[in-house]
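> With our numbering applied, the sequence shown covers 642 to 713. Each residue gets a CB set at the ideal place from its N, CA and C atoms; glycine is no exception.
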Amino acid sequence: MSKYDLLWQEIQKDGRPTFRLSFSGIEELGHVPIDHSFLNAKKELRDYGYEVGKISMKDQTVVFNKIDLIKE
642 MSKYDLLWQE IQKDGRPTFR LSFSGIEELG HVPIDHSFLN AKKELRDYGY
692 EVGKISMKDQ TVVFNKIDLI KE
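#1: Just how far apart, CA to CA, sit Arg-657 and Val-693?
#2: Please state the DSSP three-state secondary structure of Ser-643.
#3: With C-beta atoms as the reference, is Glu-651 less than 8 Å away from Gly-671?
#4: Across which residues does DSSP place Tyr-691 in a beta bridge pair?
#5: I need the boundaries of the beta strand (DSSP E) containing Leu-662, first residue and last residue.
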(Lines of atoms letter the chains of each structure in order from A and count residues from 1; the text may use other names and numbers.)
(Lines give C-alpha, C1' and ligand atoms only; values in the text may rest on other atoms or scores of the structure.)
Protein backbone atom coordinates (compact mmCIF):
# COMPACT_ATOMS: atom_id res chain seq x y z
CA MET A 1 0.00 0.00 0.00
CA SER A 2 1.27 3.40 -0.99
CA LYS A 3 0.84 6.61 0.94
CA TYR A 4 -0.63 8.01 -2.28
CA ASP A 5 -3.44 5.43 -2.65
CA LEU A 6 -6.11 7.85 -1.41
CA LEU A 7 -4.91 10.49 -3.88
CA TRP A 8 -4.93 7.99 -6.75
CA GLN A 9 -8.47 6.92 -5.85
CA GLU A 10 -9.68 10.53 -5.80
CA ILE A 11 -8.07 11.23 -9.17
CA GLN A 12 -9.74 8.14 -10.61
CA LYS A 13 -13.14 9.31 -9.30
CA ASP A 14 -12.70 12.69 -11.00
CA GLY A 15 -13.01 11.11 -14.44
CA ARG A 16 -11.99 14.12 -16.53
CA PRO A 17 -9.66 13.37 -19.46
CA THR A 18 -7.11 15.98 -18.33
CA PHE A 19 -6.94 18.27 -15.34
CA ARG A 20 -4.47 20.26 -13.26
CA LEU A 21 -4.13 20.33 -9.49
CA SER A 22 -2.00 22.61 -7.36
CA PHE A 23 0.44 21.07 -4.90
CA SER A 24 -1.78 22.31 -2.06
CA GLY A 25 -4.86 20.83 -3.77
CA ILE A 26 -3.09 17.48 -4.04
CA GLU A 27 -2.20 17.63 -0.37
CA GLU A 28 -5.83 18.36 0.54
CA LEU A 29 -7.19 15.63 -1.72
CA GLY A 30 -4.73 12.90 -0.74
CA HIS A 31 -3.87 14.04 2.79
CA VAL A 32 -0.16 13.75 2.00
CA PRO A 33 2.43 16.39 1.14
CA ILE A 34 4.11 16.38 -2.26
CA ASP A 35 7.74 15.39 -1.82
CA HIS A 36 10.44 13.54 -3.77
CA SER A 37 8.67 10.20 -3.19
CA PHE A 38 5.83 11.46 -5.43
CA LEU A 39 8.17 11.11 -8.42
CA ASN A 40 8.80 7.45 -7.62
CA ALA A 41 5.16 6.69 -6.80
CA LYS A 42 3.59 8.39 -9.81
CA LYS A 43 3.86 5.18 -11.87
CA GLU A 44 1.28 3.62 -9.49
CA LEU A 45 -1.34 5.99 -10.90
CA ARG A 46 -1.45 3.99 -14.16
CA ASP A 47 -3.27 1.24 -12.26
CA TYR A 48 -6.06 3.80 -11.71
CA GLY A 49 -6.33 4.80 -15.37
CA TYR A 50 -4.32 8.01 -15.22
CA GLU A 51 -0.77 9.20 -15.61
CA VAL A 52 1.12 12.19 -14.31
CA GLY A 53 1.76 14.68 -17.08
CA LYS A 54 3.65 17.93 -16.62
CA ILE A 55 4.88 18.84 -13.15
CA SER A 56 5.52 22.57 -12.85
CA MET A 57 7.75 23.54 -9.95
CA LYS A 58 7.32 27.21 -10.89
CA ASP A 59 3.51 27.14 -10.79
CA GLN A 60 3.42 24.31 -8.21
CA THR A 61 0.95 22.30 -10.26
CA VAL A 62 0.64 18.79 -11.66
CA VAL A 63 -1.30 17.79 -14.77
CA PHE A 64 -3.08 14.43 -14.74
CA ASN A 65 -4.09 12.67 -17.97
CA LYS A 66 -6.53 9.81 -18.37
CA ILE A 67 -5.06 6.85 -20.23
CA ASP A 68 -6.62 4.15 -22.36
CA LEU A 69 -6.22 0.84 -20.57
CA ILE A 70 -7.40 -1.30 -23.48
CA LYS A 71 -4.63 -3.65 -24.46
CA GLU A 72 -4.47 -5.29 -27.85
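In short, the structure shows the following:
#1: Taking the sequence shown and counting its residues from 1, one reaches residue 657 at position 16. Taking the sequence shown and counting its residues from 1, one reaches residue 693 at position 52. Roughly 13 Å separates the two Cα atoms.
#2: Within the sequence shown, the letter at position 2 stands for residue 643. Three-state DSSP puts Ser-643 in coil, outside helix and strand.
#3: As a first step, residue 651 must be located in the sequence shown, where it is residue number 10. As a first step, residue 671 must be located in the sequence shown, where it is residue number 30. Closer than 8 Å, so yes.
#4: For the purposes of this step, residue 691 is identified with residue 50 of the sequence shown, where counting begins at 1. In the DSSP output, where bridge partners are listed per residue, Tyr-691 has Lys-707.
#5: Here residue 662 corresponds to residue number 21 of the sequence shown, with the count starting at 1. Residues 659 to 663.
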